[in-house]
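Using full-length UniProt numbering, the first residue of the sequence shown is number 1, and each one after it goes up by one.
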Amino acid sequence: MGSLRSMNRDDKRRLTRRALIGAALRLADERGADRVTVDEISEAAGVSPRTFFNYFPAREDALVGDPLEGVTDPRELLIGAPPGPALAAVEAALAPAIRLIQDDRELWLLRLRVIMNNPHLLPRLAATAATAEQEMTAAIAERLGLTPGHPYPPVLAAVTGAALRVALMRWAADAQNGATDVPEMRLSDHVHEAFGMVAGGLADPPPSPHRGIR
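Shown next, in the form of structure tokens:
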């Protein structure tokens, strides 16, 4: 890796942002998210609190993050995708973000563990998801040529957003449980499985052994 002096401004910003995220997550994982201050995060990342606020409006934003950050806008990919069912187009549009998360596996698994262990972060996660779903709703409507107010785009955006969140949490739970008797599923496998359930109309699956209503 080159020295900071040889990096351009965007590279330096990415490194600083990543350092702040990593410091915030490590401290929150050790102590609990509500026992970590911006000053402590900044010190651990080697920057000033003022620099922290140049990147994040609050501590919670560094902890929760955005799964779609850092990739080509999935909404643009959705609108420009080849003809086909909108559900498949949404999955394809999310694929670059899924790959980036998989490539940054350790950081994202740490982030998801922090979120699961600190339920008060869920409203911030829900707010991030709501913004993404609104943007995806507009892209689905544009792709399908539907007028504003049609119920299909917001329903599809909400369902696929929920499927993505479930896939992320199942991926994190797999890693946390550390099962060795079966190969670990990639995040993309979990996403594809969840989207497949949606495509199948969420038909009831067969009950697990020794489970279900007799």
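Where a beta carbon is used, it is the ideal one built from N, C-alpha and C, also for glycine. In this text, all values refer to a predicted model and were calculated from it rather than measured experimentally.
Boundaries (first-last residue) of the alpha helix (DSSP H) holding Phe195
The residue you call residue 195 lines up with position 195 of the sequence shown. Where Phe195 is concerned, the enclosing alpha helix (DSSP H) stretches over 187 to 199.
Curious, which full-length alpha helix (DSSP H) runs of at least 4 residues does the region 26 to 60 contain?
38 to 45, 49 to 55
Given Arg17 as reference, the closest of Arg59, Gly32, Leu122 once Cα atoms are compared:
What you label residue 17 is simply residue 17 of the sequence shown in a count that begins at 1. Looking at the Cα atoms, Arg59 is the closest of the given residues.
Label Thr180 either buried or exposed according to how many other C-beta atoms from any shown protein chain fall within 10 Å of its C-beta, with 16 as the threshold for buried.
The residue given as residue 180 occupies position 180 in the sequence shown. With a pLDDT of 45 at Thr180, under the threshold of 50, the predicted position of this residue should be treated as unreliable, and no value is reported.
Alpha-carbon to alpha-carbon, Val155 and Gly201:
For this step, residue 201 is matched to residue 201 along the sequence shown. For this step, residue 155 is matched to residue 155 along the sequence shown. When rounded, the distance between both Cα atoms is 13 Å.
Cβ neighbour criterion (16 or more within 10 Å) applied to Leu160
Within the sequence shown, numbered from 1, the residue matching residue 160 stands at position 160. The sequence as given places Thr at residue 160; Leu does not occur at that position. By the Cβ neighbour-count rule, Thr160 is buried, with 16 or more other Cβ atoms within 10 Å of its own.
May I ask you to report which of helix, strand or coil DSSP gives Ala132?
For the purposes of this step, residue 132 is taken as the residue at position 132 of the sequence shown. Helix at Ala132.
So the candidates are Asp73, Ala24, Ala97, Pro119; which of them puts its Cα closest to the Cα of Asp61?
Looking up residue 61 in the sequence shown gives position 61. Nearest option by C-alpha distance: Ala24.
With 16 other Cβ atoms within 10 Å as the buried cut-off, status of Ala33:
Counted from its first residue, the sequence shown places residue 33 at position 33. It is buried - the Cβ of Ala33 has at least 16 other Cβ atoms within 10 Å.
Going by C-alpha to C-alpha distance, which of Met197, Arg9, Lys12, Arg186 sits closest to Leu100?
On the sequence shown, position 100 is the one that residue 100 refers to. Minimum Cα distance to Leu100 is reached at Arg186.
Quick one: any contact between the region 72 to 91 and the region 122 to 141, if contact means 3 or more CB pairs under 8 Å?
Contact between the region 72 to 91 and the region 122 to 141 is present: 3 or more CB-CB pairs across the two stretches fall below 8 Å.
According to DSSP, is Asp204 helix, strand or coil?
Taking the sequence shown and counting its residues from 1, the one referred to as residue 204 is at position 204. Note: Asp204 maps to coil in three-state DSSP.
Spatial neighbours of Leu112 in its chain, beta-carbon cut-off 7 Å, leaving aside the 5 residues before and after:
If you number the sequence shown from 1, residue 112 lands on position 112. Only Leu168, Met169, Ala172 meet the Cβ criterion.
Cα-Cα separation between Val182 and Ala199, rounded to whole angstroms
Position 182 of the sequence shown, counting from 1, holds the residue named residue 182. Position 199 of the sequence shown, counting from 1, holds the residue named residue 199. Its pLDDT being 49, under 50, Val182 is placed unreliably in this model, and the value from its coordinates should be taken loosely. Those two C-alpha atoms are separated by around 26 Å.
Determine whether the beta carbon atoms of Ala163 and Ile140 lie at a separation below 8 Å.
Numbered from 1 along the sequence shown, position 163 holds the residue referred to as residue 163. Numbered from 1 along the sequence shown, position 140 holds the residue referred to as residue 140. Not a contact, by the Cβ cut-off of 8 Å.
Could you work out which residue in Arg31, Phe52, Val38 is closest to Pro13 when comparing CA atoms only?
The sequence position of residue 13 within the sequence shown is 13, counting from 1. Before going further, note that residue 13 is Arg rather than Pro in the sequence given. Closest by C-alpha distance to Arg13, out of Arg31, Phe52, Val38, is Phe52.
Could you check the C-alpha separation between Leu121 and Ala28 for me, to the nearest Å?
Start at 1 with the first residue of the sequence shown, and residue 121 comes out as number 121. Start at 1 with the first residue of the sequence shown, and residue 28 comes out as number 28. Their backbone Cα atoms lie some 11 Å apart in a straight line.
Relative to the C-alpha of Arg26, which residue among Ala89, Asn54, Leu107, Gly46 is closest?
Residue mapping note: residue 26 aligns to position 26 of the sequence shown, counting from 1. The shortest C-alpha separation from Arg26 is found at Leu107.
Quick one: what's got a C-beta closer than 6 Å to Phe195's C-beta in the same chain, skipping five residues either side?
Counted from its first residue, the sequence shown places residue 195 at position 195. The residues are Glu91, Ala163.
Closest to Leu94 by CA distance: which of Arg50, Asp104, His192 is it?
As a working note, residue 94 is residue 94 in the sequence shown. Answer by Cα proximity: His192.
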